[in-house]
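Okay, structure coming up:
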């Protein structure tokens with residue numbers, strides 16, 4: 074009897090961490106923190122099923138590959154480039170259909186070198202969206218298969234969403 | 012036979028808007044395809060940076076002439092997320108009622124154009140006629156028939172007019188009968204079926220990888236609908252089925268949209284039944300705080316998203332709009348290669364293109 078109680082207790086103890094694992098946001102944050110302890114900083118849970126993370130731009134490709142292959146983020150939703158006074162911020166929204174999660178990855182580039190690694194080889198859906206960010210904001214995506222203007226004419230010389238562009 | 016490039020567009024009856032599809036053919040068979048967009052680029056994201064928050068609502072309507080209300084609703088949701096504004100419950104129900112009505116109107120316009128593309132002229136006239144019923148309802152509600160300017164930051168512009176509930180229920184009953192007639196009309200047509208079944212196959216893995224969303228994704232066997240999986244507004248209270256199909260072809264895409272129209276009718280009935288009394292709008296602040304706001308909805312064409320950055324003033328610092336069709340079009344070569352030139356019309360028509368939102 075005593076043994077049985079002991080084993081019950083043991084089972085309870087084993088179950089305790091898996092209860093945290095049952096919360097998908099916690100599991101996602103923990104997996105990322107364990108694999109990329111230095112690249113990713115500043116996790117925020119914005120609302121249910123929506124996590125924000127900031128990361129170093131040099132690690133972007135590795136983190137994205139890990140997100141798709143290991144954590145089931147199979148849908149690339151959106152890429153937004155935002156210009157600030159001292160930097161560009163590139164914001165990725167990536168969805169997991171299975172776990173019903175959305176992650177917002179924020180990465181920064183300096184003003185004089187607006188470039189990040191392309192993720193078009195991970196998600197085909199990123200291909201045109203990266204071209205759009207290049208076209209309108211002038212962000213260069215290293216390793217993109219065909220980084221050309223998409224919405225504006227090919228001989229256009231401006232990136233109109235930059236703040237110094239006055240129509 | 013020598014291979015050659017053919018330009019279908021920018022002026023071509025298939026395009027439904029202004030875009031160009033370059034196809035490389037070997038005889039009749041397509042061996043390569045390149046969609047080209049940008050002919051309708053108006054710079055809406057840049058225009059937004061020069062307007063105050065409420066001034067953008069009519070501009071968001073102009074993103075897509077087929078389903079303008081879903082876009083102004085999406086924009087208002089993004090600003091509410093940025094300003095942390097709570098919308099009154101009655102307003103949420105009115106919004107759900109109107110966006111589902113908009114979904115039916117949008118799908119009917121797609122069905123009309125699609126029927127016209129495939130040579131069913133009678134299908135075009137019937138579906139456009141039924142669309143009028145709902146446009147009349149929109150006119151009694153908002154005063155406009157295409158671009159409504161109805162949602163507001165913190166609610167909707169005004170309450171439902173007198174007898175609106177009675178008229179809507181009458182329209183739904185009428186339309187549900189007509190929906191069955193369409194199915195007989197289209198699926199009884201041998202030509203329609205021959206041009207649809209087994210044409211334009213987009214496999215599940217390709218659809219997911221290429222970022223295809225909405226009815227085209229669900230027609231490839233993925234059960235994912237933001238209204239069900241990440242519910243916004245009051246969709247949690249609604250009882251409806253997510254329409255899917257596993258055939259991955261043009262017929263599956265047609266079938267999913269037909270089922271969605273039926274489910275939209277059910278959601279509208281529930282919204283009318285459960286709608287509480289109360290306020291339909293609260294006054295939102297003029298200036299937004301420093302921060303970001305994000306909203307995503309299940310547009311009739313797929314996943315629509317707006318990301319807003321506020322800088323404390325009464326104008327947004329940056330507005331980014333995700334257009335579902337912009338991404339879906341980039342997947343077109345996957346569907347086209349290997350089929351005949353005559354199938355292009357069926358495949359591209361089946362995607363429900365809207366160039367207004369693609370080019371922005």
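Residue numbers (my numbering), protein chains in the order written: chain A, 74 to 240; chain B, 12 to 371.
By construction, the Cβ of each residue, glycine as well, lies at the ideal position given by its N, Cα and C atoms.
Compute the beta-carbon to beta-carbon distance between residue 337 of chain B and residue 201 of chain A, rounded to the nearest angstrom, for a pair I have assumed lies under 8 angstroms. What you label residue 337 of chain B is simply residue 326 of the second chain in a count that begins at 1. What you label residue 201 of chain A is simply residue 128 of the first chain in a count that begins at 1. Contact flag correct, Cβ pair sits at about 6 angstroms.
Residue 324 of chain B classed as buried or exposed, judged by whether at least 16 other C-beta atoms fall within 10 angstroms:
Locating residue 324 of chain B in the second chain gives position 313, counting from the first residue. Residue 324 of chain B should be labelled exposed.
inquiry  = Can you pull the chain B neighbours of residue 223 of chain A, defined as C-beta to C-beta under 8 angstroms?
reply    = Counted from its first residue, the first chain places residue 223 of chain A at position 150. Listed along chain B are 48, 49, each with a C-beta nearer than 8 angstroms to that of residue 223 of chain A.
Report task. Please name the residue, chosen from B:271, B:212, B:234, B:136, that lies closest to residue 342 of chain B on a Cα-to-Cα basis. Result -> Counted from its first residue, the second chain places residue 342 of chain B at position 331. When each option's Cα is compared against that of residue 342 of chain B, the closest is B:212.
Which residues share a DSSP beta bridge with residue 154 of chain A? Here residue 154 of chain A refers to the residue found at position 81 when the first chain is read from its first residue. Note: residue 154 of chain A sits in a beta bridge opposite A:163.
Which partner residues does residue 318 of chain B have in the DSSP bridge list?
As a first step, residue 318 of chain B must be located in the second chain, where it is residue number 307. For residue 318 of chain B, which the question treats as bridged, DSSP gives the partners B:305, B:331.
Exercise. Is the CB of residue 83 of chain A under 8 angstroms away from at least one CB in chain B?
Worked result: Against the first chain, residue 83 of chain A aligns to sequence position 10. At residue 83 of chain A, the pLDDT of 46 sits below 50, so the modelled position is not reliable; the number obtained from the coordinates is stated separately. Not an interface residue.
Quick test of your reading: residue 361 of chain B and residue 276 of chain B, contact by CB under 8 angstroms. State the CB separation rounded to the nearest angstrom. Here residue 361 of chain B refers to the residue found at position 350 when the second chain is read from its first residue. Here residue 276 of chain B refers to the residue found at position 265 when the second chain is read from its first residue. Wrong, their Cβ atoms sit about 22 angstroms apart, outside the cutoff.
Positions along the stretch 126-149 of chain A whose CB lies within less than 7 angstroms of some CB in chain B: 147, 148, 149
### Query
Do you know whose CA, among B:156, B:123, B:131, lies nearest residue 140 of chain B's CA?
The residue labelled residue 140 of chain B in the question sits at position 129 within the second chain. Per the C-alpha coordinates, the member of B:156, B:123, B:131 positioned closest to residue 140 of chain B is B:123.
Practice task
Run down chain B in chain order and give the residues with a C-beta less than 7 angstroms from the C-beta of residue 173 of chain A.
Solution key: The count along the first chain starts at 1 and reaches residue 173 of chain A at position 100. The answer, in chain order, is 240, 241.
To the nearest angstrom, how far is the alpha carbon of residue 198 of chain A from that of residue 178 of chain B? For the purposes of this step, residue 198 of chain A is identified with residue 125 of the first chain, where counting begins at 1. For the purposes of this step, residue 178 of chain B is identified with residue 167 of the second chain, where counting begins at 1. The alpha-carbon atoms of residue 198 of chain A and residue 178 of chain B are separated by roughly 42 angstroms.
**Prompt:** Near residue 210 of chain B, what residues of its chain come up, given a Cβ to Cβ distance below 7 angstroms and the 5 sequence neighbours on each side ignored?
**Reply:** By one-based count along the second chain, residue 210 of chain B stands at place 199. The residues are 260, 261, 350, 354, 357, 358.
Counting only beta-carbon separations shorter than 8 angstroms, does residue 93 of chain A have a partner in chain B? In the first chain, residue 93 of chain A corresponds to position 20, counting from 1. Unreliable placement is indicated for residue 93 of chain A, whose pLDDT of 45 sits below 50; no coordinate value is reported for it.
Pull up the CB-CB distance for residue 168 of chain A and residue 175 of chain A, whole angstroms please, since I reckon it's below 8 angstroms. Taking the first chain and counting its residues from 1, the one referred to as residue 168 of chain A is at position 95. Taking the first chain and counting its residues from 1, the one referred to as residue 175 of chain A is at position 102. Their Cβ separation, rounded to whole angstroms, is 5 angstroms, which keeps residue 168 of chain A and residue 175 of chain A in contact under 8 angstroms.
Kindly confirm or deny that the stretch 160-179 of chain B and the stretch 219-235 of chain B touch, where touching means at least three C-beta pairs closer than 8 angstroms. Short answer: they don't touch.
Inset, instruction - Mind listing the chain B neighbours of residue 151 of chain A? Cutoff is C-beta to C-beta under 8 angstroms, in chain order. - result: Indexing the first chain from 1 puts residue 151 of chain A at position 78. Under the 8 angstroms cutoff, chain B gives 316, 318, 331, 333.
Extent of the continuous alpha helix (DSSP H) run through residue 200 of chain A:
Your numbering for residue 200 of chain A matches position 127 in the first chain. Where residue 200 of chain A is concerned, the enclosing alpha helix (DSSP H) stretches over 199-210.
Tell me whether residue 112 of chain A sits in a helix, a strand or coil according to DSSP, three-state version.
In the first chain, the residue the question calls residue 112 of chain A occupies position 39. If DSSP states are grouped into helix, strand and coil, residue 112 of chain A belongs with coil.
Quiz item: At a CB-CB cut-off below 7 angstroms, which residues of chain A make contact with residue 341 of chain B?
Solution: As a position in the second chain, residue 341 of chain B is number 330, starting the count at 1. Per Cβ cutoff of 7 angstroms: 200, 201.
For residue 185 of chain A, which of A:99, A:223, A:161, A:152 has the nearest alpha-carbon?
Taking the first chain and counting its residues from 1, the one referred to as residue 185 of chain A is at position 112. Taking only the C-alpha atoms, the option nearest residue 185 of chain A is A:161.
* Asked: Residues in its own chain within less than 8 angstroms of residue 193 of chain B by CB, not counting five upstream and five downstream?
  -> On the second chain, residue 193 of chain B is found 182 positions in, with the first residue counted as 1. Only 122, 134, 137, 138, 269 meet the Cβ criterion.
_I need the boundaries of the beta strand (DSSP E) containing residue 279 of chain B, first residue and last residue._
Locating residue 279 of chain B in the second chain gives position 268, where the first residue counts as 1. It is not in any beta strand (DSSP E) - residue 279 of chain B instead sits in the alpha helix (DSSP H) that spans 261-285.
Quiz item: If you run the structure through DSSP and keep just helix, strand and coil, what is residue 188 of chain A?
Solution: As a working note, residue 188 of chain A is residue 115 in the first chain. Of the three classes helix, strand and coil, the one that applies to residue 188 of chain A here is strand, per DSSP.
So which residues of chain B does residue 183 of chain A contact, with C-beta pairs closer than 8 angstroms?
Sequence index remark: in the first chain, residue 183 of chain A carries index 110 (1-based). Near residue 183 of chain A there are no residues of chain B at all, since even the closest Cβ is about 18 angstroms away, more than 8 angstroms.
**Prompt:** What residues from the stretch 216-227 of chain B come within 7 angstroms of chain A, judged by C-beta to C-beta, listed N to C?
**Reply:** Under the 7 angstroms Cβ criterion, the stretch 216-227 of chain B contributes 219, 220, 221, 222.
Worksheet entry | Pair within 8 angstroms by beta-carbon distance, residue 68 of chain B and residue 83 of chain B | What you label residue 68 of chain B is simply residue 57 of the second chain in a count that begins at 1. What you label residue 83 of chain B is simply residue 72 of the second chain in a count that begins at 1. Between residue 68 of chain B and residue 83 of chain B, the gap from beta carbon to beta carbon is short of 8 angstroms.
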